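In what follows, a structure is listed as structure tokens, so that the remarks can point back to it.
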Amino acid sequence: MHAGFERWQIRACIWALTLVALVIVYLPPVYLLGVSFNPALQPALPSLGNISLKWYQALLHERGLLRALNESLLIAAVVTLVSTVAAIAAALAYLELGRLRNAWFLLVILPMFVPGIIQGLALSVVFNRWQLAPFWGTVALGHLLWALPFAFTVVLTSMTSVRRSYLLAAADLGAGWWRRTCDIVLPLILPGVIGAIVFSFLLSFNEFARSSYLVGRQNTLPLDMFGKMNSGASPTIYALSGLILLVSALLVGVVLAMAAGRRG
Amino acid sequence: MFRIGRGFALASPALLLTLILGFAPLAVVVVWSFWAWDPATYWIRPDLSLAAYAQIGEVGRWWVIVTSLFKAALAALACLAVGYPAALAVHFVASRRMALVLIGAFTVPFFTSYLIRAFSWRLVLGRTGLINDWLMQAGIISEPLDWLLFSDFAVMIGLIASYLPFVIFPLLLALRRVEPSFLAAAQDMGAGFLRTLVTIIIPLTKPGIFAGFLFVFVMSAGSSTEVQMLGGAGASMISIMINDVMRVVNFPLAFAISTVVLVALIGAVLLGNARFGLTRLFEDF
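So the protein lines, in turn, are chains E and S.
Mapping of the first sequence onto our numbering: position 250 corresponds to residue 250, and the numbering continues sequentially without gaps.
Numbers in our numbering are just positions in the second sequence, counted from 1, shifted up by 1000.
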């Protein structure tokens, strides 16, 4: 127990406020998940004897959603590959860049702060001038700018386990850059790399604002879902939302558990 | 052993992606914001005109920009108020195991769909939603409250819920600078909890407070999902305004608004970095 935090009133107060934060973040999605198991049309929590997978089964017959799902999976796969490789290289560059490090870090994460609508609009007018018709590739290029800063930060965070002394020792023993990178750095940053893969995939798969100006004829899944959410359509949208929330949380949980296990 | 040349070679993929896909199109937009609309080609032609900027002054567009930034600042302050105790809990109060669980709980939202999370607030805030249900059952109200959903209130709640994790991580990084011995010393000299908080913990975590504020401010100012999902019919935020302007293909105006917003937001990030060294927060290697 840290000094200054011994009194139970203080701890109770801090825990209560932490609970408020957790409720704000988790109550609505968890409630939505509950609603998705209700076979009734009106959104409400199902009674315990009435839990049903009806809307989840109905998902299989939603052709439009499945096509959009395909498109989103394709885009996310390409984004993941490119952003992970670029992020690893960018993080390795960080090691070499000496005094330019801070500038390099800022440059790579800056696109994260550009509003999605503005970035999407800017890319779309430029592509339009280049006679590049919108298709899944243009969406992927837009998503790359969103995924790369996160992937880079995650890989960089895992770089803290690479001590300077390891690299100096390896160099003394005659290991060249490739050898040091493959035998020391990459194994040590593996959790960060896995994090970059999973996070890039999820960020692209779930991205909405950057897609709207860049998408071609075939909608991505979030765009399709946005339409369905606003047209007051069938509760299958709750099932799909619930499914995506569950899978995303599970994937992030696995990455974090791996990182914690390695550290702990 | 470390070589700058190799550094540049390794940096090139991310550098090219960021420059070509990120900065170049934005620079083009800034330049095009000074061009003029050409009705003959349905496109713009080279010019040095401030007409688009003058148009921002019409029909209250400045007001939308200013109120958007104000709402974003409010959301950032609210996130700090809710996030600071949570960061204290993770750093000082929770057991090691519990701290890891909490960190995990605040990481998951970064990577789950902002669209779905905003949508789920509709189920909670709607006329037949969770909160109206509870309040009616408890007999506090007899009619469902209408202002809970499709209102500025709903947008604010949506923004706080979406971007709360963005304050917690800078705060956690900053809290590592608070040595336990400082707190013990304060206690020995008779300082109570509040005094320790105000005179030691908060001043030492200023860079984290500032970084967290900046993250939420910038993200909220540019947000579109939360407003589209939760805002009322008249609700306007910068991104909605840009969409509306694009619907009538007024390119120069859309570019001018984008330029103003970019200058404000990127300016805030760079100023914050110069003043507080944001990059230092992430650097412990």
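Where is the CB? At the ideal position from N, CA and C, for every residue including glycine.
These figures come from a predicted structure and were not determined experimentally.
- Message: Just to confirm the assignment: which complete alpha helix (DSSP H) runs, minimum length 4, are found wholly within the segment 15 to 64 of chain E?
- Response: If we require 4 residues or more, the alpha helix (DSSP H) runs fully inside the segment 15 to 64 of chain E come out as 54 to 59.
- Query: Relative to chain E, which residues along the segment 1105 to 1126 of chain S have a C-beta separation below 9 Å, given in chain order?
  - Reply: The residues in question are A1105, F1106, T1107, V1108, P1109, F1110, F1111, T1112, S1113, Y1114, L1115, I1116, R1117, A1118, F1119, S1120, W1121, R1122, L1123, V1124, L1125, G1126.
- Item | Interface positions of the segment 227 to 247 of chain E facing chain S (Cβ-Cβ less than 7 Å), listed along the chain | Residues are counted here when their Cβ sits less than 7 Å from a Cβ of chain S; for the segment 227 to 247 of chain E these are M229, S241, I244, L245, given in chain order.
- Bridge partners - W1037 (chain S), DSSP secondary structure assignment: Beta-bridge analysis with DSSP links W1037 (chain S) to S:I1044.
- Item | Rounded separation between Q119 (chain E) and A1009 (chain S) - CA only | If you take the alpha carbons of Q119 (chain E) and A1009 (chain S), they lie about 27 Å apart.
- S1064 (chain S) vs I1238 (chain S) beta-carbon contact at 8 Å: Here residue 1064 (chain S) is Val; the residue named in the question, Ser, does not match the sequence. Against a cut-off of 8 Å, the Cβ pair of I1238 (chain S) and V1064 (chain S) comes out as a contact.
- Message: Beta-carbon within less than 7 Å of W55 (chain E)'s beta-carbon, same chain only, minus the 5 sequence neighbours each way: which residues are those?
- Response: Hits under 7 Å: S36, P235, T236, Y238, A239.
- Which of helix, strand or coil DSSP assigns to M229 (chain E): The DSSP-derived three-state label of M229 (chain E) is helix.
- Query: At a cut of 8 Å, does the segment 200 to 220 of chain E reach the segment 133 to 145 of chain E through at least three beta carbon pairs?
  - Reply: With the cut-off at 8 Å, the segment 200 to 220 of chain E and the segment 133 to 145 of chain E touch.
- Item | Same chain, Cβ closer than 7 Å to M1241 (chain S), neighbours up to 5 away in sequence not counted | Excluding positions up to five away in sequence, the list reads R1061, V1064, I1257.
- Message: Relative to the C-alpha of A1087 (chain S), which candidate in S:A1185, S:A1174, S:V1249 has its C-alpha closest?
- Response: Taking only the C-alpha atoms, the option nearest A1087 (chain S) is S:A1174.
- Item | For V1227 (chain S), the first and last residue of its enclosing alpha helix (DSSP H) | 1225 to 1230 is the span of the alpha helix (DSSP H), which, as asked, contains V1227 (chain S).
- Message: Out of S:L1204, S:D1133, S:W1032, S:N1250, which one is the CA nearest neighbour of P1046 (chain S)?
- Response: Closest option to P1046 (chain S), Cα to Cα, is S:W1032.
- Message: With the cut-off set at 8 Å, would you say T84 (chain E) and A196 (chain E) are in Cβ contact?
- Response: Taking 8 Å as the Cβ cut-off, T84 (chain E) and A196 (chain E) qualify as a contacting pair.
- Could one say the Cβ of A3 (chain E) lies closer than 8 Å to chain S's Cβ atoms, at least one of them? With its beta carbon less than 8 Å from one in chain S, A3 (chain E) belongs to the interface.
- Would a check of beta-carbon distances place T18 (chain E) closer than 8 Å to chain S? Interface residue, yes.
- Message: Please list the terminal residues of the continuous alpha helix (DSSP H) segment that includes N128 (chain E).
- Response: Here the alpha helix (DSSP H) through N128 (chain E) covers 116 to 129.
- Message: Rounded to whole angstroms, what is the Cα-Cα separation between F113 (chain E) and A77 (chain E)?
- Response: F113 (chain E) and A77 (chain E): Cα-Cα distance of roughly 24 Å.
- Message: Using C-beta distances below 8 Å, list every residue in its chain close to G34 (chain E), excluding the 5 sequence neighbours before and after it, in chain order.
- Response: For G34 (chain E), where only same-chain residues beyond five positions count, the Cβ hits under 8 Å are L45, P46.
- Message: Let's see if you can read the secondary structure: which residues bound the alpha helix (DSSP H) around A1253 (chain S)?
- Response: It should be pointed out that residue 1253 (chain S) corresponds to Leu in this sequence rather than to Ala. The continuous alpha helix (DSSP H) containing L1253 (chain S) extends over residues 1251 to 1276.
- Query: With burial defined as no fewer than 16 other Cβ atoms inside 10 Å of the residue's Cβ, what is the status of F152 (chain E): buried or exposed?
  - Reply: Under this definition F152 (chain E) is a buried residue.
- Message: In whole angstroms, give me the CA-to-CA distance for F1285 (chain S) and I184 (chain E).
- Response: Because the pLDDT at F1285 (chain S) is just 41, under 50, the model does not fix this residue reliably, and the point stays unresolved.
- Exposed or buried, what is V1248 (chain S) when buried is set at 16 or more other beta-carbons lying within 10 Å of its beta-carbon? Only exposed fits V1248 (chain S), as fewer than 16 other CB atoms lie within 10 angstroms of its CB.
- Can you give me the Cβ contacts of V1030 (chain S) inside the same chain, cut-off strictly under 7 Å, excluding the 5 residues immediately before and after it? Within the same chain, and ignoring the five residues on either side of V1030 (chain S) in sequence, the residues whose Cβ sits closer than 7 Å to its Cβ are T1259.
- Message: What does the alpha-carbon distance come out to for the pair L1016 (chain S) and A58 (chain E)?
- Response: One Cα belongs to L1016 (chain S), the other to A58 (chain E), and the distance between them is close to 44 Å.
- Query: L223 (chain E) by DSSP, collapsed to three states: which one?
  - Reply: L223 (chain E): helix per DSSP, three-state reduction.
- Message: With a threshold of 7 Å (Cβ to nearest heavy atom), would F1255 (chain S) be considered close to the ligand FMN?
- Response: You won't find the ligand FMN in this model; it holds no ligand whatsoever.
- Query: Taking Cβ positions only, does F1285 (chain S) come closer than 8 Å to chain E?
  - Reply: Low confidence applies to F1285 (chain S): its pLDDT is 41, below 50, so where it sits in the model is not reliable enough to give any reading.
- Message: Taking the alpha-carbon of P191 (chain E) as reference, which of E:A87, E:L256, E:T18, E:A21 has the nearest alpha-carbon?
- Response: Closest in alpha carbon position to P191 (chain E), among E:A87, E:L256, E:T18, E:A21, is E:L256.
- Task: Note the first and the last residue of the continuous alpha helix (DSSP H) segment covering V1093 (chain S).
- Result: Element bounds for V1093 (chain S): n/a, residue is neither H nor E.
- Query: Closest Cβ-Cβ distance between V35 (chain E) and chain S: below 8 Å?
  - Reply: With its beta carbon less than 8 Å from one in chain S, V35 (chain E) belongs to the interface.
- Message: Could you tell me the alpha carbon to alpha carbon distance between R1275 (chain S) and P1170 (chain S), rounded to whole angstroms?
- Response: Here the alpha carbon of R1275 (chain S) sits roughly 16 Å from the alpha carbon of P1170 (chain S).
- Query: Hey, is the segment 1223 to 1235 of chain S in contact with the segment 1104 to 1120 of chain S, meaning 3+ C-beta pairs nearer than 8 Å?
  - Reply: Cβ pair count under 8 Å is three or more, so yes.
- Task: Determine the contact status of G1104 (chain S) and I1168 (chain S), defining contact as a CB-CB distance below 8 Å.
- Result: In this structure, I1168 (chain S) does not lie closer than 8 Å to G1104 (chain S) by Cβ.
- Apart from the five residues on each side of it in sequence, which residues of its chain come closer than 6 Å, Cβ to Cβ, to G4 (chain E)? Shown here for G4 (chain E): not one same chain residue has a beta carbon closer than 6 Å to its own, the five before and five after excluded.
- Message: Closest to T157 (chain E) by C-alpha separation, out of E:S165, E:S212, E:Y94, E:I75, would be which residue?
- Response: When each option's Cα is compared against that of T157 (chain E), the closest is E:Y94.
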